[in-house]
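The listed protein sequences derive, respectively, from chains A and B. Positions 1 to 203 (our numbering) are the ones given, in order, by the first sequence. Positions 1 to 203 (our numbering) are the ones given, in order, by the second sequence. Glycine is no exception: its CB is placed at the ideal position from the N, C-alpha and C atoms. All values reported here derive from a predicted model rather than from experimental measurement.
There are 2 protein chains.
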Amino acid sequence: MFRLAGGGSRVGESTAEPVRRVRADAQRSRDALREAAKEIFAVSGVDAPVREIAERAGVGLGTVYRHFPQRSDLVTAVFRYEIDQCAAAAPELAAAHPPIEALRLWLDRYIEFMATKRGLVAALHSGDPAFAPLPGYFDAHLRPALETLLGAAVASGQVRRDVDAKDLLVAVANLCLPAEEDAAHTRRMVSLLIDGLRYGAGH
Amino acid sequence: MFRLAGGGSRVGESTAEPVRRVRADAQRSRDALREAAKEIFAVSGVDAPVREIAERAGVGLGTVYRHFPQRSDLVTAVFRYEIDQCAAAAPELAAAHPPIEALRLWLDRYIEFMATKRGLVAALHSGDPAFAPLPGYFDAHLRPALETLLGAAVASGQVRRDVDAKDLLVAVANLCLPAEEDAAHTRRMVSLLIDGLRYGAGH
DNA sequence: CGCCAACCGGAACAAGGTTCCGATCCTACC
DNA sequence: GGTAGGATCGGAACCTTGTTCCGGTTGGCG
């Protein structure tokens with residue numbers, strides 16, 4: 001048997017693996033689906049019908065299931081993507097703002113992320129094994145992002161040292177949960193929290 | 001217009017309301033459904049199909065929806081019934097055993113109750129408004145039951161006084177959650193907890 | 001330019017919740 | 001005891017939603 005789609009490796013590319021180039025239309029479909037799912041999940045929750053997502057993405061049902069064999073794969077893909085985006089914002093903010101400000105802005109960004117997670121918490125607790133790896137992904141990506149920002153703020157003397165990044169992530173997440181509708185309230189509470197961070201700082 | 005099914009009030013019965021007598025077959029169906037649902041929920045979780053419950057109860061689908069207009073009504077009915085049964089066990093145990101023993105036995109009963117609640121916790125967190133009143137019902141019935149037992153045990157000098165009934169209910173419930181399969185483990189932990197109750201008691 | 005594997009669309013299937021309505025069965029009344 | 005009538009029953013049918021399947025289409029390479 002021949003290796004399927006072994007096309008041939010390109011110059012300057014590692015030949016260790018055949019890296020089949022994805023077709024342009026396939027990539028387009030995948031991106032459109034991710035984007036559509038993200039928007040619809042934010043509005044209707046993660047229980048939104050697959051057909052609705054397919055329609056908004058402008059693709060057929062078969063295309064959805066080609067890229068995401070199960071509904072839950074679409075959910076986790078969106079979740080991972082959003083986690084990545086949120087984590088990626090950290091170094092950008094750190095480069096553009098002073099430490100304490102970068103920290104504050106990133107937490108705003110994190111709140112925005114959590115705000116779209118209606119129903120996902122329930123899904124995580126549903127016992128569906130498809131969602132089991134998500135908490136780990138969450139911790140593996142967001143914690144280091146926050147740790148960097150927090151470390152810089154501590155080093156600059158503007159924030160006390162006895163604050164744990166994971167604690168802070170969980171605390172802010174919990175602040176987001178009850179006020180699913182009232183974003184302003186959440187922001188006030190988190191603002192309070194940030195002020196608390198500064199209490200007893202060296203500077 | 002005549003009052004529908006106003007049959008007529010009976011001697012010795014308050015005439016304040018017409019109390020339409022439920023038909024015997026209807027009552028039978030309702031009881032059979034509650035019992036069937038209880039058994040099936042315990043085995044397959046609260047997501048079990050309505051058809052399966054109807055079949056086990058030996059009734060048609062229409063009968064299910066006559067008594068429980070929505071699926072969730074069946075779930076809450078079973079939940080309420082089990083809470084009632086569990087709460088009702090408290091005075092019986094109190095009458096038949098010394099205080100500390102009654103307390104221990106009732107907590108065993110409570111554990112048994114919690115053990116069948118697989119998936120219900122997730123349902124409660126799903127945001128479905130149909131389940132919103134359940135936590136209140138839980139607190140309104142089980143807390144007084146435990147408070148009575150706890151009070152008697154304290155009064156007898158066998159249990160310390162600084163234990164709150166609600167805290168205890170939640171703590172035991174949490175002990176039940178992780179060990180969905182290993183009932184023995186849960187019982188060991190709760191046993192430990194009960195011994196803790198005696199620590200520092202007057203007697 | 002032409003091939004063909006990968007990709008696409010959507011019809012079709014499966015499962016589960018809910019509705020509907022003719023047939024049936026209690027209960028009240030005579 | 002018998003009967004009328006409305007409550008109740010059973011299950012077929014309908015709708016929504018997840019998933020599979022397959023014939024038609026197309027991007028990318030030779």
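Asked: Neighbouring residues, chain B, relative to A:V121 (Cβ below 7 Å); Found: H125
Asked: Of the listed residues A:V172, A:P69, A:L149, A:G157, nearest to A:A219 (C-alpha basis); Found: A query on residue 219 of chain A cannot be resolved here, the shown segment of chain A reaching from 1 to 203 and no further.
Asked: Closer than 9 Å to chain B by CB, A:I71; Found: A small correction: the amino acid at residue 71 of chain A is Arg; Ile does not occupy that position in the sequence shown. False, the Cβ-Cβ gap to chain B never drops below 9 Å.
Asked: Proximal residues to B:V159 (C-beta, below 8 Å), its chain only, five neighbours per side dropped; Found: P99, I100, L103, L150, A153, L197, R198, A201
Asked: Helix, strand or coil at A:H97 [DSSP, three-state]; Found: coil
Asked: Delimiting residues of the alpha helix (DSSP H) encompassing A:Q27; Found: 24-44
Asked: Burial state of B:F2 (16 or more Cβ within 10 Å); Found: Summary for B:F2: the model assigns pLDDT 33, below 50, so the residue's position carries little reliability; its value from the coordinates is reported in the next sentence. B:F2 is exposed by the Cβ-count criterion.
Asked: Straight-line Cα distance separating A:A57 from B:I111; Found: 48 Å
Asked: Reference A:G45; option with closest CA among B:R187, B:G157, B:D128, B:C176; Found: B:D128
Asked: B:A54 beta carbon less than 9 Å from that of B:A36; Found: yes
Asked: A:T76 to A:L142 span [Cα, whole Å]; Found: 16 Å
Asked: Rounded straight-line distance, which links the Cα of A:H97 to that of B:G119; Found: 46 Å
Asked: Pick from A:A115, A:Y137, A:V64, A:L105 that is closest to A:A42, judged by C-alpha positions; Found: A:A115
Asked: Below-9 Å beta-carbon distance, A:G136 vs any chain B residue; Found: no
Asked: Local Cβ density within 10 Å of B:A26, reported as buried at 16 or more and exposed below that; Found: exposed
Asked: 8 Å CB neighbourhood of A:G60 in its chain, flanking five on each side removed; Found: A54
Asked: Proximity test, Cβ basis, 9 Å: A:R56 and chain B; Found: no
Asked: DSSP state of B:G8 mapped onto helix, strand, coil; Found: Because B:G8 carries a pLDDT of 33, less than 50, the predicted location of this residue cannot be relied on, and the following value inherits that uncertainty. If DSSP states are grouped into helix, strand and coil, B:G8 belongs with coil.
Asked: Under 9 Å between C-beta atoms of A:F131 and A:S72; Found: yes
Asked: CA nearest to the CA of B:N174, picked from B:V163, B:V64, B:L193; Found: B:L193
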